[in-house]
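Working notes, structure below.
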Amino acid sequence: MSAAPETLAGCVAALRAGTVSAAELLERSRARIAALDPQVNAFLGRTGELADRAAAAADRLLAEDPASAPPLCGVPVALKDVLCLEGAETTAGSRILGGFRPPYTATAVQRLLDAGAVVVGKTNCDEFAMGSSNENSAYGPVRNPWDLGRVPGGSSGGSAAAVAARMVPLSLGTDTGGSIRQPAALCGVVGFKPTYGRVSRYGLIAFASSLDQVGPLALTVEDAALGYLLIAGHDPADGTSSRSAVEDPLTGLGEGVEGLRLGVPREYFGVGLDPGVRAAVERALEVLRGLGATLEEVSLPSTDAALSTYYIIAPAEASSNLARYDGIRFGLREDRGSLLQTYLSTRDAGFGPEVKRRIMLGTYALSSGYYDAYYRKAQKVRTLISEEFSHVFERVDAIVCPTSPVTAFPLGTHSDPLSMYLLDVLTVPVNLAGLPGVSVPCGMVGGLPAGLQVVAPRFMDARALRIAHAYEQATEWHTLQPGGVEAAAT
Amino acid sequence: MTGTLRDASAAQGGSGESAVDHEAVIGLEVHAQLLTRSKMFCGCPATYVEAEPNDNTCPVCLGMPGTLPVINRRAVEYTVRTALALNCVIPDFTKFDRKNYFYPDLPKGYQISKYDLPLSVDGHLEFDLDGRRVRCGITRVHLEEDTGTLHHAGDVLQSATSSLVDYNRSGVPLMEIVGEPDLRSAAEAKEYLERLRQILMYIGVNDGNLEQGSFRCDANVSIRPRGTETLGVKVEIKNMNSFRAVQRAVEYEIARQIAVLDGGGSLHQETRGWVEARGATISQRSKEQAHDYRYFPEPDLAPLVLGAEFVEEVRRALPELPEARAARLIEQHGITEGEAVLLTATREQADSYERIVGRGVSAGVAARWLGNDVLRLANADHLPLWESGLGEDGLVALLGLVEAGTVNSTTAKALLEELYLAGGDPVAIVRDRGLGQVSDTDALGALVDAAITANPKAVADFQAGKETALQPVVGHVMKATRGRADARLVNRLLRERLSG
Ligand SMILES: [Zn+2]
């Protein structure tokens, strides 16, 4: 069993070849979690019997006719705990949803289930996906498998760490301002945020509705592309999901970057960028040039304003999205006799400090008298940012830049929320413009992974993946395994 | 003009006439539930009155985490239909907004509504009142979702020891129709509401039930010296659940405001509730306590672009509205205005009338019968003709007998009364019971002679010039034929003999 494959593609092939069973893969996944997760804390909940039954069903299908079994038949996967799975506790990393078992399944999750995947468990995350370090989880921080003293990034830190530590070959995360790409970069895995509207948000516990997007985290771009393909497509239950056809990213994945024009935005290489990360990314650009791409410096002048725009729009939407946690119908209730006191006590006890901070920021930004100065202005800047991207994409096929300005940092580094917000500077513009973006490992800086970000025009998800794949296949960064957690486990 | 301020002042038992001649300015805001099968943003049934509490709910209308709204196309269509019926303009582009506030009947903590780009704007509703034409502007018609309902253990929330929430109503499509402050009296307000309700029911978008709250009205009332243009301090009145309540509440409020000003006091912007039992409005909330709803565009829904084609499609399918229909019936059928108004009161009534005429009954006869005897029975039995035992078939047969002179109207009315609920074939019954009209000149002649002999005093009075004296003599003949005599013929024979 030690020879069992680690990648998603490897698992799929082995299952079909009959060299490994779904039950064995589930067992191996559980063994890794049992051995490593006491240190990593990537998982909040395990699915137990549900997973056993799914694995058994998958093995029956594979035994009958492996060729016609669904694409992920028998592959263990993990879900960020903001994604609803019927009957499984879904907390969004918050105390206020402790014990909440939704009577429905998120569309993206259902599509994985339909593809035969075996859900091993729910992964830890920043409370309501608000954070860049996973330290905002009500259930303790996730630790980076490369260095247990450091954060995995956030908010999909558990999903990234679970893949990095080879607990599962595929996990789903969500990305509102970088929450898939940044932890992918900090954990040395591939993370893909699809075009907004590409993947249904039904059953995703909302942080900021106009920015949230579900996407895969995996060990390779190919794996991420397969995961993406399976969850993408129109969903009648999500009024913002696109009806346009999904381009199969696997078809042209190996076509390389020869002749492609890649834009390098000068604003993304400014102050605050770690010199080691800068060097790694610059080397990655040289690799792409070597593969036949043309590199061209471009400018996205509103990048500076993106962060403040994001930190008005996202909290504004969040302040409204989180109003439903009032102790009346589900989740935590701190009964205090009167309605008002019950509201106040429930929300005070249920929400952590970062969530409260963002609810207050958002409430303020939407308040009468401040709306024009904040929310309306932010929407205008958002439009401007989108237009700048469109303008740049008239000249180049995609944009390449760092994913995160820094590598994984020690827990407790950013006690000041503002300094934490600054870490999102290279990822939030992509969400504001609704673009697809992928982060792929591009080097090691002081023993910690760095990530290269590839951003494509809207609905050109396949192109972003193709460029990332070309780079990945030309390098070996994605094959490196975190030693920190293995050492701690033994 | 009805509802003058002097009347209103008297209604309150106030201190009499106002020193200043005041004019009332009234604007009405109506919330009407749409008759769609499913709710606004989910597939749950939109009917809730007879359902067990919380039976018609799902994760979406319970506001569970991760759920998303999907727009009910039919609700949009009904709103556009209403907007067109109220002469509104339909903008090309519209979006939903969130109205944020906390309350247990509001599961998401916000209501999906519209704020700055409603589905329709700039309409109007015209109606006749006391021989005048009144025109009330419609600011906007737009679409939102209804809330759940609270059941308090106690009369009001404040004193309740516990409260239960029923989310069956949560997410039911709710249309908001905001009227301009163009109404000047309680009577105008009431008439506006009645006409609006009639139209909504005519076009099939609302059931018009004020008691159950599927048609609700709030009123904004202010006063100003007559002849001035600036608006006075606006007071919003809620909790009125009948037309009469609206009229009384508005009358009360006008008088109250005048009394306050006359007494040297000042008015302030507030929300007041109508308390039926006390016949008064009481203050609920002042402007200072008003919510900041923090409206912003609903990010879970894409903006709605209806398209001219969709709007035209809805316009083409719009039924003829009551006023136009009444005018056409007067013109085409030659019936009276009074009859036309009665017959077009509801679309079903007008349809029934036109079907009956379409089957050969003359318009005048159909209008008279439907507007009088049939209507009286329908109201008394709470059963319209087309659902009654007699049915339209029976009525057509009965009126056929009347028009052919087979039965006289006395017999026909008796039969109508007898068969309205029970049903039966009038033709067969008339034949079997021998109820046919006696119009045989010889047979009636003998009876007329007998009647003259039996009523010497009446005959003398008639001959002395008292026209009405003839009635008991006619009655005598009718009685002898058990009501079957042709009354016109009896009259003619009598006059021939008495003047001969
Ligand atoms: Zn529902």
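Chains Y and A, in that order, give the protein sequences.
Mapping of the first sequence onto this note's numbering: position 42 corresponds to residue 955, and the numbering continues sequentially without gaps.
Mapping of the second sequence onto this note's numbering: position 387 corresponds to residue 839, and the numbering continues sequentially without gaps.
Idealized CB from N, CA, C, for every residue including glycine.
Kindly list the residues whose CB is nearer than 8 Å to the CB of P1107 of chain Y, restricted to its own chain and excluding five residues on each side of it in sequence; keep chain order. The answer, listed in chain order, is Q1126, V1127, G1128, Y1141, A1145, P1349, D1374.
Let me see if you follow: with CB-CB separation under 9 Å, is L514 of chain A close to chain Y or not? By this cut-off, L514 of chain A is an interface position.
Could you tell me the distance, in whole angstroms, from the CA atom of G466 of chain A to the CA atom of A707 of chain A? Note on G466 of chain A: pLDDT 41, under 50, position unreliable in the model; the coordinate value appears next. Our two residues, G466 of chain A and A707 of chain A, have alpha carbons roughly 8 Å apart in a direct line.
Measuring CB atoms only, is the stretch 657-664 of chain A touching the stretch 628-636 of chain A, in the sense that at least three cross pairs come out at less than 8 Å? With a cut-off of 8 Å, the stretch 628-636 of chain A and the stretch 657-664 of chain A do not count as touching, because too few Cβ pairs lie within range.
Indicate, with yes or no, if ligand 1 has a heavy atom lying under 8 Å from the CB of K560 of chain A. Every heavy atom of ligand 1 is 8 Å or more from the Cβ of K560 of chain A, so no.
Could you list which residues in chain A have their beta carbon closer than 8 Å to that of C997 of chain Y, in chain order? Within chain A, the residues placing a beta-carbon under 8 Å from that of C997 of chain Y are P517, G518, ordered along the chain.
Span separating the alpha-carbon of H974 of chain A from that of V698 of chain A: Beyond the ends of chain A as shown, which are 453 and 952, falls residue 974 of chain A; an answer cannot be given.
Note down, in chain order, every chain B residue with its Cβ under 8 Å from the Cβ of P556 of chain A. Going by chain labels, chain B is absent from the structure shown, which instead holds the protein chains Y and A.
With DSSP collapsed to three states, give me the class of Q709 of chain A. In this structure, Q709 of chain A counts as helix in the three-state DSSP scheme.
One or two residues paired with R737 of chain A in a DSSP bridge: DSSP lists A:T723 as partners of R737 of chain A.
Do L873 of chain A and A864 of chain A have their beta-carbon atoms positioned less than 9 Å apart in this structure? In this structure, L873 of chain A does not lie closer than 9 Å to A864 of chain A by Cβ.
Looking at chain Y, is there any beta carbon in it that lies within less than 9 Å of the beta carbon of F748 of chain A? The C-beta of F748 of chain A comes closer than 9 Å to at least one C-beta of chain Y.
Any C-beta of chain Y sitting closer than 9 Å to the C-beta of G623 of chain A? G623 of chain A does not count as touching chain Y.
Quick check: is any heavy atom of ligand 1 less than 8 Å from the C-beta of L514 of chain A? Yes, the beta carbon of L514 of chain A sits closer than 8 Å to at least one heavy atom of ligand 1.
For N508 of chain A, decide whether its Cβ has a neighbour in chain Y, counting only Cβ atoms nearer than 9 Å. Taking Cβ atoms only, chain Y never reaches closer than 9 Å to N508 of chain A, which makes this a no.
Answer yes or no: do L1061 of chain Y and G1275 of chain Y have a C-beta to C-beta separation smaller than 9 Å? Their beta carbons are not under 9 Å apart, which means L1061 of chain Y does not touch G1275 of chain Y by this criterion.
Quick check on this structure: which residue in Y:G1183, Y:A1119, Y:R1014, Y:A1383 has the alpha carbon closest to the alpha carbon of D752 of chain A? With distances taken between Cα atoms, D752 of chain A lies closest to Y:A1119.
Close Cβ partners of F1243 of chain Y (< 8 Å) along its chain, the five nearest in sequence each way excluded: Cβ neighbours of F1243 of chain Y beyond the five flanking positions: L1010, F1013.
Pull up the distance between the alpha-carbon of P559 of chain A and that of E722 of chain A, whole angstroms please. P559 of chain A and E722 of chain A have their C-alpha atoms roughly 27 Å apart.
Short of 7 Å in beta carbon distance, which residues of its chain neighbour E999 of chain Y, apart from the five on each side in sequence? Order them along the chain. For E999 of chain Y, where only same-chain residues beyond five positions count, the Cβ hits under 7 Å are P1015, P1016, Y1017, T1018.
So is P505 of chain A in contact with chain Y if we call contact Cβ pairs under 9 Å? Nearest CB-CB separation between P505 of chain A and chain Y: not below the 9 Å threshold.
Using a Cβ-Cβ distance cut-off of 9 Å, determine whether L1085 of chain Y contacts chain A. The beta carbon of L1085 of chain Y sits no closer than 9 Å to any beta carbon of chain A.
Helix, strand or coil at D1060 of chain Y [DSSP, three-state]: Three-state result, D1060 of chain Y: strand.
Cβ closer than 8 Å: which chain Y residues qualify as neighbours of R550 of chain A? Chain-ordered, the chain Y residues with CB closer than 8 Å to the CB of R550 of chain A read S1233.
So is T1003 of chain Y in contact with chain A if we call contact Cβ pairs under 9 Å? Yes, contact with chain A.
So is A754 of chain A in contact with chain Y if we call contact Cβ pairs under 9 Å? Output row for A754 of chain A: interface = yes.
Compute the minimum distance between the beta carbon of C510 of chain A and the heavy atoms of ligand 1, and state whether it is under 8 Å. Yes, Cβ of C510 of chain A sits closer than 8 Å to a heavy atom of ligand 1.
Which residues in the same chain have their Cβ closer than 6 Å to the Cβ of V1055 of chain Y, if we skip the five residues on either side of it in sequence? Its chain contains N954, A955, N1037, N1047, P1065, G1070, G1071, A1074 as the residues whose beta carbon lies nearer than 6 Å to that of V1055 of chain Y, once the 5 sequence neighbours on both sides are disregarded; these appear in chain order.
Please tell me whether, using a cut-off of 8 Å, the distance from the CB of G495 of chain A to the nearest non-hydrogen atom of ligand 1 is below it. If you check the C-beta of G495 of chain A against ligand 1, you find a heavy atom less than 8 Å away.
In chain A, which residues lie with their C-beta within 7 Å of the C-beta of D1151 of chain Y? For D1151 of chain Y, the chain A residues whose Cβ falls inside 7 Å of its Cβ are L520, in order along the chain.
Under 7 Å between beta-carbons, which chain A residues line up against E1230 of chain Y? List them in chain order, please. By Cβ distance, chain A contributes P751.
Taking the alpha-carbon positions, what's the G495 of chain A to A711 of chain A distance? Their backbone Cα atoms lie some 51 Å apart in a straight line.
Among A:G600, A:E529, A:L827, whose alpha-carbon lies nearest the alpha-carbon of V501 of chain A? Of the candidates A:G600, A:E529, A:L827, A:G600 places its Cα closest to the Cα of V501 of chain A.
Closest residue to F1322 of chain Y among Y:L1117, Y:G1067, Y:L1132 (Cα-Cα distance): The shortest Cα separation from F1322 of chain Y among Y:L1117, Y:G1067, Y:L1132 belongs to Y:G1067.
Local conformation of T1164 of chain Y per DSSP, three classes: Reduced to three states, the DSSP call for T1164 of chain Y is coil.
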